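See structure below.
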């Protein structure tokens, strides 16, 4: 029986809430090449475009709500007597709005800013723009979205790795298994003895590393899985 659970969530869990997945079939991210909006080089080259892109995403975030999968994981977080860590690749706040607390955003958060002048990080709701003022040091034009872009190191990797090594159960929900380091989490967890399960619309690129695969929408699969887990505790 599992005691320590690590859960990785990706774009697929928020897709049922209407949040656009990372890349469409044409390889574009909401109409833009990733290289133009999600790299440090893009920000240095055209901060106006990058800010406009994230300002629009921040605006649309207010129009969506957590779905049944988010609420189920929040319930697991609240009711599971052992360790739970939800690691999300998503930059939205839907896990928080559903009530999850034991949570890490490994790719940053859309509703936070990062000042390059003082290294401060802070909540940010609404437009940011290229002339944003840091609330800590008052520097102008040095604030960027607190998002981990391509070429940058994801957050909290040491804590995540430690949790994976202790885990009895690892679950991957709504992620393609194509982007590292998150794509390697299942191998770490399984090597250290965890039972592994994926829930996805289709098998991930790392599907062979999972003991069990359940295919379907996260909003349907995750509540059923959580009910099963909590029932197993009696």
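Residue numbers (our numbering): 124 to 357. Glycine is no exception: its CB is placed at the ideal position from the N, C-alpha and C atoms. Treat the numbers as computed from the prediction; the structure is a model and nothing was measured.
Tell me the DSSP bridge mates of residue 275? DSSP lists no partner for residue 275.
Would you please state the rounded distance, in angstroms, between the beta carbons of residue 173 and residue 165? I believe it to be under 8 Å. Taking C-beta atoms under 8 Å as the contact rule, residue 173 and residue 165 qualify, at a distance of about 6 Å.
List the endpoints of the continuous alpha helix (DSSP H) containing residue 282. 280 to 289
Taking the continuous alpha helix (DSSP H) assigned at residue 348, which residues delimit it? 341 to 355
Under 6 Å Cβ to Cβ from residue 130, same chain only, skipping five residues before and after it: list those, please. 209 and 294
Residue 348 to residue 176 span [Cα, whole Å]: 35 Å
Do you know how far the Cα of residue 258 is from the Cα of residue 338? 45 Å
Are the stretch 260 to 277 and the stretch 220 to 237 touching, with three or more C-beta to C-beta distances below 8 Å? yes
Cβ-based neighbour list, residue 240, same chain, cut-off 8 Å, excluding 5 preceding and 5 following: Scanning its chain for C-beta atoms nearer than 8 Å, with the 5 sequence neighbours on each side dropped, one finds around residue 240 the residues 257, 260, 262 and 265, in chain order.
Taking the straight line between their C-alpha atoms, what separation do you get for residue 160 and residue 238? 18 Å
Apply the 10 Å Cβ neighbour rule to residue 149 and answer buried if 16 or more other Cβ atoms are within range, or exposed otherwise. Here residue 149 scores only 47 on pLDDT, less than 50, and its place in the model should not be relied on; the value that follows carries that caveat. Counting Cβ neighbours within 10 Å, residue 149 comes out exposed, since fewer than 16 surround it.
Measuring straight from C-alpha to C-alpha, what distance separates residue 225 and residue 204? 12 Å
For residue 169 and residue 163, the rounded distance between their alpha carbons: 10 Å
CA-CA distance, residue 192 and residue 178? 26 Å
According to DSSP, simplified to helix, strand and coil, what is residue 210? strand
Going by other Cβ atoms of all chains shown within 10 Å of its Cβ, with 16 needed for buried, is residue 333 buried or exposed? buried
Taking just the CA atoms, how far does residue 246 sit from residue 180? 15 Å
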